[in-house]
Structure formats: C-alpha cells, structure tokens
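Here the structure comes first, spelled out in structure tokens, and everything after it is commentary.
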Amino acid sequence: MEGSRNLMTAAQEAGVAQMVYGGSLLVYGNQAGVIDQTTPPQPASGYGRAKLEAEQMLQAMAAQAGMRFASLRLPHTYGARSLFFEEARKGRIFFPGSGRNRYAHMSVVDAARALIHTAEAGMNGAMVVADDLPCTWNEFFEAVRTYYPRLRVTRIPKVLALLGTGLLDAAGSVLRRPNLYSVGAVRSWNLNQPVAPHSLAQMIGIAPHYPTIQEGIPAVLDESIAFCWRHSMKDFCR
Numbered sequence: 019m020e021g022s023r024n025l026m027t028a029a030q031e032a033g034v035a036q037m038v039y040g041g042s043l044l045v046y047g048n049q050a051g052v053i054d055q056t057t058p059p060q061p062a063s064g065y066g067r068a069k070l071e072a073e074q075m076l077q078a079m080a081a082q083a084g085m086r087f088a089s090l091r092l093p094h095t096y097g098a099r100s101l102f103f104e105e106a107r108k109g110r111i112f113f114p115g116s117g118r119n120r121y122a123h124m125s126v127v128d129a130a131r132a133l134i135h136t137a138e139a140g141m142n143g144a145m146v147v148a149d150d151l152p153c154t155w156n157e158f159f160e161a162v163r164t165y166y167p168r169l170r171v172t173r174i175p176k177v178l179a180l181l182g183t184g185l186l187d188a189a190g191s192v193l194r195r196p197n198l199y200s201v202g203a204v205r206s207w208n209l210n211q212p213v214a215p216h217s218l219a220q221m222i223g224i225a226p227h228y229p230t231i232q233e234g235i236p237a238v239l240d241e242s243i244a245f246c247w248r249h250s251m252k253d254f255c256r
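Residue numbering for the sequence shown follows this note's numbering, beginning at 19 and increasing consecutively.
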C-alpha cells in the first residue's frame, strides 16, 4: 500500500490530471453468475483484497487531489510473455484443479488498448472488462493445443495442490522468500469468474481486436518464435 501511496503523491506533484489503475477481476471472488458493473466486490484471496484496497485508497487520494481516476478490473490477461505461455513454451502446463470453472480472459493487446483509451478519454470509476466470450480453463487449453499439439496439460487435484502450496507457503515464510505457487494462487485459478459479453464496447467504447480466445490465442502464438520457427534440419532428419 505504501508503494501505491508514493505513486499517487508523485503523480500529484508532477501535475498528472488522470490516473488509470490496472485492477483485477479477483476483487469479486467466486461468482455463480456473470460479473458486470452491478456485481459487488467480494474478494476471496489476499491478492484480491490487496487490489481492492489499493484501488479504493488511490481513488480517495485522487479525489482529494482533484485528479480523475479510473480502474480497469482486468481478467486473466494472456500474451506471448504471460506466465501461461512462458510455461507452455516448456511443453507442459501443471494446472491445480479440474479446469471446469468458467473464467474471463483478454488478450494483452486489448488490455493495453483499453488502458490507453481510458486515459485518453478521461474516464472515471471502476470498470469490469474482458473479451466477449468467457470459457473454462479446459476450453482454453484445447484452443492452445489446436495450434500447439505438443502441449501437455497435467491436472493436479485441488486438494493435493492446496497441500503442496501450503508447504511452499510455510517454507517461504521461514526463508522470507516470495512464493509464486501459493495457496491463494490455487484458490484463484479455481474461482468461477465469467464476465458479461461486450464489456469493452459498453464500458470503454472500443471493440476488441480479439473478441474470443479463438482469435486471440493464434495471434499470441504468431508472436512467439518458439512456436513459429523450427530448424530445417529437424524436418530433414525425421
């Protein structure tokens, strides 16, 4: 929180008139239905609570400073250098759960466009944005495998994943080292978080370049040389 406070103070001193915050859909926790602007925040993880608290603090500071403030509550944002595709390039994904929960996604290209347009348009308030078609994680994996059939997905039962990450969390607290694979992360991957369709057009006023993962994932793989290039000698030797 101190970092957010310092950021706002520096922005105010520099005469910034508009601030746009990259928020998170995790402020909503698990949802039985689709998430839209009327859905009340109800974070189910430490990360979700931290994002909501930072958003609220920055909004209050911006109001006090006479600065416009907007927060885009972003879903799982994927791109050639995102965590998912960094792991996919290794040929195997370990997923902590069944993968049947519905989740909202967005290409990093559209996330960047949304952030820029929000700043340029001088928008205010917290806004929920995602692509136009939520899907399960299993559907996401299958879409990737359509273009990268060598990808192997290993699903770890949620109970075992929670047990293993709990041990990692305990070790990390003793060693004072951050742990990327935490209990909170496992719980977050297993939330049900679909977003109502056409949120970008309705909230930001722009159409997504990649309205579904079926358009976005091939574009990501095209950007990744690890997927696109194969040495000719490997084909010759087959």
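Yeah, the Cβ is synthetic: ideal placement off N, Cα and C, and Gly gets one too.
Go through its chain and collect everything with a Cβ distance to serine 116's Cβ below 7 Å, but skip five positions before and after it. Arg173
Can you tell me whether phenylalanine 113 is buried or exposed, with buried defined as 16 or more other CB within 10 angstroms of its CB? buried
Glycine 51 to glutamate 31 span [Cα, whole Å]: 42 Å
On the three-pair Cβ rule with 8 Å, is the stretch 212 to 230 touching the stretch 116 to 131? yes
Going by C-alpha to C-alpha distance, which of Phe102, Leu186, Pro215 sits closest to valine 162? Phe102
From Ile53, Pro236, Pro58, Arg118, residue whose alpha carbon lies closest to that of proline 215: Ile53
Hey, how far is the Cα of valine 146 from the Cα of valine 204? 23 Å
Following the continuous alpha helix (DSSP H) through proline 236, name the residue where it begins and the one where it ends. 231 to 241
Spatial neighbours of alanine 35 within its chain, please: C-beta separation below 7 Å, excluding the five flanking residues on both sides. Met85, Arg86
Contact set for arginine 110: own chain, Cβ-Cβ below 6 Å, skip 5 residues either direction: Arg170
Span of the alpha helix (DSSP H), counted from its first residue to its last, around arginine 67: 64 to 83
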